[in-house]
Every structure is written in C-alpha cells, then in structure tokens.
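Peer 1: Sending over a structure as structure tokens; questions will come in a sec.
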Amino acid sequence: MTPTYKNIHNRFKLNGTHYNFEDLKEVAYSFIKEGLDFEKQIGDFLNHWQDDSEFIDVKTSGSTGQPKTISLSKQAMVNSAIATGDYFGLEPGNTALMCLPANYIAGKMMLVRALILGLEIEVIEPKTNPVFDNEVHYDFCAMIPIQVQKAIQRLDHINTLIIGGASVNYQLKEKLQNLKVNAYETYGMTETITHVAVKKLNNFNTDKDYNTVEASYFETLPNIKISQNKSQCLVIDAPNILEETIETNDVVKLHSATSFEWLGRKDNVINSGGVKLFPEQIEAKLQPQIASRFFISKENNDKFGEQVILVVEDKDFNLKSSDLKDLSKLEVPKNIYTVDKFIETSSGKVNRGKTLQLLQK
Numbered sequence: 002m003t004p005t006y007k008n009i010h011n012r013f014k015l016n017g018t019h020y021n022f023e024d025l026k027e028v029a030y031s032f033i034k035e036g037l038d039f040e041k042q043i044g045d046f047l048n049h050w051q052d053d054s055e056f057i058d059v060k061t062s063g064s065t066g067q068p069k070t071i072s073l074s075k076q077a078m079v080n081s082a083i084a085t086g087d088y089f090g091l092e093p094g095n096t097a098l099m100c101l102p103a104n105y106i107a108g109k110m111m112l113v114r115a116l117i118l119g120l121e122i123e124v125i126e127p128k129t130n131p132v133f134d135n136e137v138h139y140d141f142c143a144m145i146p147i148q149v150q151k152a153i154q155r156l157d158h159i160n161t162l163i164i165g166g167a168s169v170n171y172q173l174k175e176k177l178q179n180l181k182v183n184a185y186e187t188y189g190m191t192e193t194i195t196h197v198a199v200k201k202l203n204n205f206n207t208d209k210d211y212n213t214v215e216a217s218y219f220e221t222l223p224n225i226k227i228s229q230n231k232s233q234c235l236v237i238d239a240p241n242i243l244e245e246t247i248e249t250n251d252v253v254k255l256h257s258a259t260s261f262e263w264l265g266r267k268d269n270v271i272n273s274g275g276v277k278l279f280p281e282q283i284e285a286k287l288q289p290q291i292a293s294r295f296f297i298s299k300e301n302n303d304k305f306g307e308q309v310i311l312v313v314e315d316k317d318f319n320l321k322s323s324d325l326k327d328l329s330k331l332e333v334p335k336n337i338y339t340v341d342k343f344i345e346t347s348s349g350k351v352n353r354g355k356t357l358q359l360l361q362k
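With positions in the sequence shown counted from 1, the corresponding number in the numbering used here is that position plus 1.
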C-alpha cells in the first residue's frame, strides 16, 4: 500500500531524533517561534504538511517567467519521493543532508523524502558554501551547482548527490570526475515536483549501465513516460504526480522510451539565415574556454534575421579566435557584450531577459 502524507516512516529522524506525526507539530511550532530564518521555513512547511489540506502552496523560481505560487498535491509529493527512492535505491535508515531552503520545492522534497522513506536527515543553513561535518557519511544530498563548486573538496563523504536548479557547466563536470561521490544532474521543475529525470555525471560503468556517450542523456524516473509535440518539445506524462500531461518548452532528442538529450529552450532558439541554433549547445562548446559566467543570446540582423551574441559577466573579458575553433560560422558570436553583474532570480539563477535589458541602458 502506498503511504499517504499522514504516514511518517518509523525510521525517520530529524537532526538525530525520532519524531512521529504528532511530535512534528511541536517541532514545527518550535522552529517557527524560536528558530533561525531557515529553520522557520522548515517549521512553516512542516506545519502546512500536517494541516487538513490535501495541497500545499509552492513558489516557482521565476527562471523562465514571472515567479508564481502553485498548489501541489501532497500525495503527488509522496509519490515523487517514492520514485526518487526507488531510482537511487534509498533505504530506511539511510542518512541525508539538507542544505537547500525549505521555501522552494527542492528543499521541501528533501524533507518529504526523509519523512516517507525513513531517512535520517540533518538540516543545515542553506548557504552557497554549505557548512557540514565532512567526517560524517551521508547517503543522499541535493545541491545547486554553486554549492557543489564551493564544497567540491568535501563531497567524498556523500554517496549520491543530485544537482539541480541550473545546468552543470563543463568546469564543474571536470572537477567531479575524480571524486567518489556519485553525481547526477536533474531535469524537472516545480510543476513536476522537482526532477522527473536524471543524468549521471561521473563514475561511469562502461561495461554495464553507462558509457561516455549515453552520459549525455537524461533517464526518467520510474512511471514517467515521455514524448514530443510538433515543436519537438518534451511532453511529460507522470500519472502518479501530475493530473495531466505537461508540454514543456524544452526541445529534446528522444533516444528511447525512457531517455532523452536536452537541446535547449524553445524560446531561446536563434533563427539565423533559416538555421535554428540552440544557445545552450553553443554555450556547451564555449564552456571549456570561458571561466566567467556567460550566456549566448540573439539580436536582429538585416541579412540573416537574427545573429548570435555573447554576454559575459566580466568587464575585462577578451575572447581569442582560438576559443572559437569548435563553432560553426553561424554559431560564432557577432557581438560580445560585458556587464559587471548578471541579474539573478530570487533563487540565484541568471535572469537572461533582465540582464539583456542592461545592455540597452
């Protein structure tokens, strides 16, 4: 029988202490009244998780539009937690580290996974440089890329690490290759209750499950079906977590019924001389050469309709022609713009649209 949100696994621990459903009400109250800001967020979530409503309100990040609040089914969140547990083989009594804020879906789901799967979860302040005991072993953790970057020397005490919130760049992937931690990039959004697919980033088993080619593909979690619409965008059918299918704006290439390659956002596509260019693909080629944060975008061109531009978070940036050897003629940026600081969303993602507005001032 599938657990409900009112079921707390008897192996669940929060910061080393067992709690049942009723006990958590006192924990939530204590966090709200006496805790630090991040603990108040945890208390607020636990309080809403135990109320009579079957839904919980969650804020979206605003990375692809205006931030908004949506209602998610608590049972769907339970089902999502179970799918993650099944995929990664998480077992009751496994340890987990929570270093993400509980006011967004990624942090909330770390708590739900612990409650439902019976994990022993330790919560710490969600800083960009998370402070945790690197002598303690953790079976499972979720981080955003900047946290992984800052904690790179301390990750070998984590068994499975999922990385979301933003794409994982080339430099960070390279740093993960020599580590024991099993790192995965996630694909998902608030509406899909975090990830519905993951991509292995290191420790490839060339004789069994993965090879370096397949490592570029995302693999869906259990009970997730995928397809494409007429625009070649990913369509997600997840009956256990979604009431209806979701048509995304992510252009993909399907490789099997359960795996896909992410090409880029439909609304970011550059049509240059009738050729569709994906900024994300150009960025991947440039990542080994550019240390600063950057992104590819477009501007109008009288001859080709649109042309590629490069925007870099470094006023002193200078691009060498040798850095462009992997780009086709149309992919080469026709103009390079630099800014002191990118505009970010409330969750720390680069807001491309608002950053581009800086160039018009």
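All C-beta atoms, glycine included, are put in the ideal place defined by N, C-alpha and C.
Residue 308 by DSSP, collapsed to three states: which one?
Peer 2: Here residue 308 refers to the residue found at position 307 of the sequence shown. Residue 308 falls in the strand class under three-state DSSP.
Peer 1: Could you check how far apart the C-beta atoms of residue 33 and residue 24 are, in whole angstroms? I think they sit under 8 Å.
Peer 2: Position 32 of the sequence shown, counted from the start, is the residue given in the question as residue 33. Position 23 of the sequence shown, counted from the start, is the residue given in the question as residue 24. Contact doesn't hold; Cβ gap of about 15 Å is too wide.
Peer 1: Out of 124, 140 and 141, which has the shortest C-alpha to C-alpha gap to residue 133?
Peer 2: Looking up residue 133 in the sequence shown gives position 132. With distances taken between Cα atoms, residue 133 lies closest to 124.
Peer 1: Could you have a look at residue 292 and say whether DSSP puts it in helix, strand or coil?
Peer 2: Counting from 1 along the sequence shown, the entry for residue 292 is found at position 291. In the structure shown, residue 292 sits in coil (DSSP, three-state: anything other than H, G, I, E or B).
Peer 1: Which residues share a DSSP beta bridge with residue 343?
Peer 2: Along the sequence shown, one-based indexing puts residue 343 at 342. Looking at the DSSP assignment, residue 343 forms no beta bridge with any residue, so it has no partner.
Peer 1: By how many angstroms is the C-alpha of residue 333 removed from the C-alpha of residue 68?
Peer 2: Working through the sequence shown from its first residue, we reach residue 68 at position 67. Working through the sequence shown from its first residue, we reach residue 333 at position 332. Near 33 Å, if we compare the C-alpha coordinates of residue 333 and residue 68.
Peer 1: Among the residues of its own chain, which have a CB less than 8 Å from the CB of residue 157, if the five just before and after it don't count?
Peer 2: Working through the sequence shown from its first residue, we reach residue 157 at position 156. Same-chain partners within the cutoff: 180, 181 and 182.
Peer 1: Which runs of the beta strand (DSSP E), 3 residues or longer, sit entirely within the region 133 to 193?
Peer 2: Listed in chain order, the complete beta strand (DSSP E) runs (minimum 3 residues) inside the region 133 to 193 are 139 to 144, 159 to 164 and 183 to 190.
Peer 1: Starting from residue 107 and walking both ways along the alpha helix (DSSP H), at which residues does that stretch end?
Peer 2: In the sequence shown, residue 107 corresponds to position 106, counting from 1. Note, residue 107: alpha helix (DSSP H), 106 to 118.
Peer 1: Got a sec? Which residues, its chain only, sit under 7 Å from residue 315 by beta carbon, not counting five neighbours each side?
Peer 2: Working through the sequence shown from its first residue, we reach residue 315 at position 314. Excluding sequence neighbours, residue 315 sits near 293 and 339.
Peer 1: Which residue's Cα is closest to the Cα of residue 337: 306, 70, 312 and 86?
Peer 2: Counting from one through the sequence shown, the residue named residue 337 turns up at place 336. Selected option, being the one with the closest Cα: 312.
Peer 1: Rounded to the nearest angstrom, how far is the Cβ of residue 197 from that of residue 221, given a contact under 8 Å?
Peer 2: Counting from one through the sequence shown, the residue named residue 197 turns up at place 196. Counting from one through the sequence shown, the residue named residue 221 turns up at place 220. At roughly 6 Å, the Cβ-Cβ gap stays under 8 Å, so residue 197 and residue 221 are in contact.
Peer 1: Taking the DSSP output, what are the residues bridged to residue 1?
Peer 2: Outside the shown range of the chain, which is 2 to 362, sits residue 1, and nothing can be said about it.
Peer 1: Taking its Cβ as the centre, do 16 or more other Cβ atoms sit within 10 Å of residue 361, making it buried, or is it exposed?
Peer 2: As a first step, residue 361 must be located in the sequence shown, where it is residue number 360. Burial call: exposed.
Peer 1: Go ahead and label residue 2 buried or exposed: buried means 16 or more other beta carbons lie within 10 angstroms of its beta carbon, across all protein chains shown.
Peer 2: As a position in the sequence shown, residue 2 is number 1, starting the count at 1. By the neighbour-count rule (16 or more Cβ atoms within 10 Å), residue 2 is not buried but exposed.
Peer 1: With distances taken from CA atoms, which of 120, 277 and 40 is nearest residue 19?
Peer 2: Reading the sequence shown from its first residue, position 18 is the one you call residue 19. Ranking the options by Cα distance to residue 19, first place goes to 120.
Peer 1: Going by DSSP, what residues sit across from residue 6 in a beta bridge?
Peer 2: Locating residue 6 in the sequence shown gives position 5, counting from the first residue. DSSP output for residue 6 lists no bridge partner at all.
Peer 1: May I have the straight-line CA-CA distance separating residue 329 from residue 173, to the nearest angstrom?
Peer 2: Residue numbering aside, residue 329 sits at position 328 when the sequence shown is read from its first letter. Residue numbering aside, residue 173 sits at position 172 when the sequence shown is read from its first letter. In a straight line, the C-alpha of residue 329 is about 25 Å away from that of residue 173.
Peer 1: Go to residue 227, then tell me how far its beta strand (DSSP E) extends in each direction, as first and last residue.
Peer 2: For the purposes of this step, residue 227 is taken as residue 226 along the sequence shown, with counting starting at 1. First-last of the beta strand (DSSP E) with residue 227: 226 to 229.
Peer 1: Over the uninterrupted alpha helix (DSSP H) stretch that includes residue 286, give me the two end residues.
Peer 2: Taking the first residue of the sequence shown as position 1, residue 286 is located at position 285. 280 to 287 is the span of the alpha helix (DSSP H), which, as asked, contains residue 286.
Peer 1: If you run the structure through DSSP and keep just helix, strand and coil, what is residue 91?
Peer 2: The sequence position of residue 91 within the sequence shown is 90, counting from 1. Residue 91 falls in the coil class under three-state DSSP.
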